[in-house]
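Residue numbers for the sequence shown, in this note's numbering: 2 to 454.
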Amino acid sequence: MSKASKKASKKANKKARKDFVLGLGATGLSIARYLQRNALDASFYDTRAEPPGADELKDLWPDAKLLTGDARLPKNVQRLIVSPGIPDSHPLVESARDAKLEIVSDIELFAREAQAPFIAVTGSNGKSTVATLLFHMCGAADLDVYAGGNLGEPALDLLDHDQPDIYVLELSSFQLQRTQKLPASVAVLLNVSPDHLDWHAHEDEYRESKYRVYREANAAVVNRADERAGDYVRKIKSVISFGLDEPGDGHYGLRTLNGEVYLARGDTLLLSSEDLALYGIHNQANALAALAVGELAGIEIPAMLQVLVEFPGLPHRMQFVGRIGAVNFINDSKATNVAAAVASIDSVDGMLVLLAGGVGKGADFADLAVAMDNKLRAAVLIGEDAEMISDALDTVMPVYFATDMDDAVQQAAAYAETDDTVLLAPACASLDQYQNYAARGDAFVEAVGAIRR
């Protein structure tokens with residue numbers, strides 16, 4: 002190669018534009034696989050000095066550059082692809098914003114590439130349950146379906162499979178905020194309550210990120226209890242609502258006949274709530290939402306009802322653990338915010354002992370106290386923000402502190418009376434004591450098992 006050619010090649014390489022991937026968890030690695038499939042160049046970053054995905058990245062992309070800890074924005078970066086765990090306030094994201102670089106989520110890349118229609122499911126609570134219900138409903142209707150996103154397989158990995166009839170995506174507020182266009186076949190926002198205020202700049206930003214799911218949707222499902230939802234779906238032609246009240250024609254809700262509560266579409270009774278495999282009234286709302294979405298996606302009602310009578314729910318979401326000494330033990334470790342914990346409490350009949358605590362994420366626990374008034378026998382608190390919860394509850398009921406989950410379960414079992422429920426509904430994140438909410442739920446199940454033994 003001549004000197005002139007070498008100089009030209011070097012100049013071209015210098016001008017080459019790269020992607021910069023922030024976060025090396027499951028999402029970051031899925032982005033790496035996507036970029037490699039598309040022969041795109043990238044460098045990577047993680048806040049941790051020794052990211053757990055570093056070895057996998059090296060196997061996948063041996064010459065990939067990985068930055069960690071404090072780092073500057075590399076030169077020749079075209080766009081940032083940011084994993085959900087990296088907040089917008091991170092210095093690298095702010096630097097990219099100042100440089101007017103494109104900042105996207107993996108969901109944005111998915112939406113640009115996907116050839117099959119997709120359902121988008123979001124909400125402060127219940128989205129994993131509804132997304133899973135829809136996955137099984139599609140399967141019951143003999144549709145080829147993949148589900149992922151915030152639940153299960155990362156969205157970009159879904160594109161590496163054969164094209165299905167439909168995708169089901171569970172989407173977080175983090176993913177939605179960085180998604181520019183989301184032409185969902187059907188979009189649903191189940192509910193909105195303050196959450197992730199340690200990530201979002203303020204509550205309004207969090208709420209707007211959730212409503213963003215409707216912007217380019219072809220059809221939409223709204224919660225009738227959400228007074229603002231209607232403003233975001235006015236331009237969408239096909240809209241169905243759901244709620245725990247009596248539904249109008251073509252919408253989904255609850256109706257009562259001879260003292261029995263039914264899931265209904267308009268005046269048509271579909272399924273007795275007693276036949277629903279899922280536990281709790283909030284899961285009745287989840288089932289109704291799934292029915293509404295399924296209708297807009299073209300799924301026949303018999304196939305959807307089959308799933309509702311068979312699917313018992315996901316682990317750590319109002320999971321019935323057992324009955325010991327006339328006391329029920331329920332694991333709802335996934336209740337990582339106040340609204341979710343309140344929904345859990347409201348779903349339990351009779352008196353209960355609450356196990357709560359962890360990282361409060363800046364939450365106000367006053368609503369927790371209101372929900373528990375005249376219903377809770379006692380509260381047993383663990384974790385970093387136990388004192389904050391205690392300050393909100395100590396005028397409502399007896400409050401006790403525990404050193405760990407074993408201690409908490411033993412205390413709760415001692416305070417519970419006949420036909421009470423011991424409910425793990427932490428109203429907090431788990432990362433002060435556990436790797437994730439699932440590990441916390443597993444610890445609860447194990448502690449309950451120890452009492453049984």
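Idealized CB from N, CA, C, for every residue including glycine.
Considering only residues of the same chain and omitting the five flanking positions on each side of residue i, which have a CB-CB separation below 8 Å?
i, result
"LEU61", "LEU30, ALA33, ARG34, GLN37"
"ARG324", "PHE330"
"LYS7", "No answer about LYS7 holds up, because its pLDDT of 45 lies below 50 and its placement is not dependable."
"LEU432", "GLY359, VAL360"
"GLN181", "VAL105, GLU109"
"MET389", "GLY361, PHE366"
"ILE237", "TYR215, ALA218, ASN219, ALA220, ALA221"
Considering only the beta carbon of each residue, do residue i and residue j sit closer than 7 Å?
i, j, result
"MET398", "LEU377", "yes"
"GLN340", "VAL214", "Residue identity check: residue 340 is Ala in the sequence provided, not Gln. No, Cβ-Cβ distance for ALA340 and VAL214 is not below 7 Å."
"PHE45", "LEU81", "no"
"ARG179", "VAL78", "no"
"PRO165", "VAL146", "yes"
"VAL400", "VAL449", "no"
"ILE282", "LEU424", "no"
"TYR416", "SER334", "no"
"SER125", "SER194", "yes"
"ALA142", "ALA188", "no"
"THR48", "SER84", "no"
"LYS19", "ALA50", "no"
"LEU135", "ALA291", "yes"
"ASP421", "VAL328", "yes"
"ALA426", "SER345", "yes"
"SER96", "LEU74", "yes"
"LEU355", "ALA387", "no"
"SER239", "LEU297", "yes"
With DSSP as the reference, identify every bridge partner of residue i, one or two as the case may be.
i, result
"ILE331", "PHE321, LEU424"
"ALA148", "VAL169"
"ARG213", "ARG213 is not bridged to any residue."
"GLU206", "Its beta-bridge partners do not exist; DSSP assigns none."
"ARG256", "TYR263"
"ASN224", "PHE243"
"ASP408", "Looking at the DSSP assignment, ASP408 forms no beta bridge with any residue, so it has no partner."
"GLU95", "Note: GLU95 sits in no beta bridge, so no partner."
Can you give the Cα-Cα distance for residue i and residue j, rounded to whole angstroms?
i, j, result
"LEU271", "GLU447", "38 Å"
"GLU385", "LEU369", "17 Å"
"GLN116", "GLY442", "38 Å"
"GLU209", "ILE452", "45 Å"
"VAL308", "VAL131", "12 Å"
"ASN284", "ILE87", "31 Å"
"HIS137", "ALA304", "9 Å"
"TYR168", "GLY326", "45 Å"
"TYR233", "ASN219", "13 Å"
"MET373", "ALA336", "15 Å"
"PRO184", "LYS211", "15 Å"
"ALA430", "GLY149", "22 Å"
"ALA288", "ASP99", "44 Å"
Using C-beta distances below 6 Å, list every residue in its chain close to residue i, excluding the 5 sequence neighbours before and after it, in chain order.
i, result
"HIS201", "With a pLDDT of 43 at HIS201, under the threshold of 50, the predicted position of this residue should be treated as unreliable, though the coordinate-derived value follows. The answer, listed in chain order, is TYR207."
"LEU255", "LEU245, VAL262"
"PRO313", "ALA278"
"ARG225", "SER242, GLY244"
"THR69", "ASP47, ALA50"
Exposed or buried, which one is residue i when buried takes at least 16 other CB atoms within 10 Å?
i, result
"ALA414", "buried"
"GLY515", "Given that the chain is displayed from residue 2 to residue 454, the structure contains no residue 515 and the question cannot be resolved."
"GLY366", "Checking the sequence shown, residue 366 turns out to be Phe, not Gly. Its Cβ being crowded by 16 or more others within 10 Å, PHE366 is buried."
"ASP158", "buried"
"ARG266", "buried"
"VAL343", "buried"
"VAL371", "exposed"
"PHE445", "buried"
"GLN436", "exposed"
"ALA13", "Summary for ALA13: the model assigns pLDDT 45, below 50, so the residue's position carries little reliability; its value from the coordinates is reported in the next sentence. By the 10 Å Cβ count, ALA13 comes out exposed."
"HIS197", "The predicted model places HIS197 with a pLDDT of 44, which falls under 50 and marks its position as unreliable; any figure quoted below should be read in that light. Buried is the call here."
For residue i, which residues from the same chain have a beta carbon less than 7 Å from its beta carbon, with the 5 sequence-adjacent residues on both sides left out?
i, result
"LEU456", "Given a span of 2 to 454 for the chain in the structure shown, any question on residue 456 remains unanswerable."
"LYS128", "VAL122, GLU171, LEU191"
"LYS230", "In the sequence on display, residue 230 carries Ala and not Lys. Counting only Cβ-Cβ distances below 7 Å, and skipping sequence neighbours, we find LEU190, VAL223, ASN224."
"LEU315", "SER129, THR130, THR133"
"SER391", "LEU382, VAL400"
"GLU114", "LEU160"
Using only the heavy atoms of the ligand FMN, determine whether one of them is closer than 6 Å to the beta carbon of residue i.
i, result
"GLY127", "Annotation note on the ligand FMN: not contained in the displayed structure, which lists no ligands."
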